[in-house]
Ligand code: 5GP
Ligand code: ZN
């Protein structure tokens, strides 16, 4: 199986390719098990994606695999928000295509600087 950083990965997955640095991204934060990158199509003045190294299709699957990763992702998002000067922000997990999920590797949207009129697509 294709791997990066010693965890399960999916060679068809754009976020696995970003994690492996096969596709460039602007990293703003990282931990042992996560990265945070600027969204390529920002929906707010601050729009960052927190992505776990381990490939799972959505947040619920990550919770089953190892629930502690979700706390690490929220803490990473909070650290990015604070570093970027935002005390108030939204955190969103889109789950399933009908809910707007387009990349099927778990990611947490961090959005700040704009009141959301709709959730990130
Ligand atoms: P979803 O719609 O699955 O909740 O969120 C996927 C997010 O990934 C979207 O906000 C989209 O703009 C972002 N995205 C898709 N491809 C790339 C990419 O290659 N680089 C970055 N930085 N963001 C991406
Ligand atoms: Zn992946």
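Residue numbers (our numbering): 635 to 755.
For glycine and all other residues, C-beta sits at the position ideal for the given N, C-alpha and C.
Measuring alpha carbon to alpha carbon, tell me which of the options ends up nearest residue i.
i           : options            : result
residue 719 : 691, 746, 685, 686 : 746
residue 682 : 694, 748, 715, 699 : 715
For residue i, which residues from the same chain have a beta carbon less than 8 Å from its beta carbon, with the 5 sequence-adjacent residues on both sides left out?
i           : result
residue 692 : 727, 729, 730, 735, 738, 740
Drop a sphere of 10 angstroms on the beta-carbon of residue i, count the other beta-carbons inside from all chains shown, and report buried for 16 or more, exposed for fewer.
i           : result
residue 635 : With a pLDDT of only 47 at residue 635, under 50, the local geometry of the prediction cannot be trusted, and the value read off the model is given with reservation. Per the 10 Å Cβ criterion, exposed.
residue 696 : buried
residue 744 : buried
residue 750 : exposed
residue 649 : buried
Suppose the cutoff is 6 Å on Cβ atoms and the five residues either side in sequence are ignored; what does the same chain contact list for residue i look like?
i           : result
residue 652 : 659
In its own chain, which residues sit with a C-beta less than 7 Å from the C-beta of residue i, not counting the 5 before and 5 after it?
i           : result
residue 647 : 689, 739
residue 713 : 663
residue 686 : 667, 668, 696, 703, 707, 740
When DSSP builds the beta bridges, which residues end up paired with residue i?
i           : result
residue 626 : For the chain, the structure presents residues 635 to 755; residue 626 sits outside this window and is missing.
residue 742 : 684
residue 661 : 671
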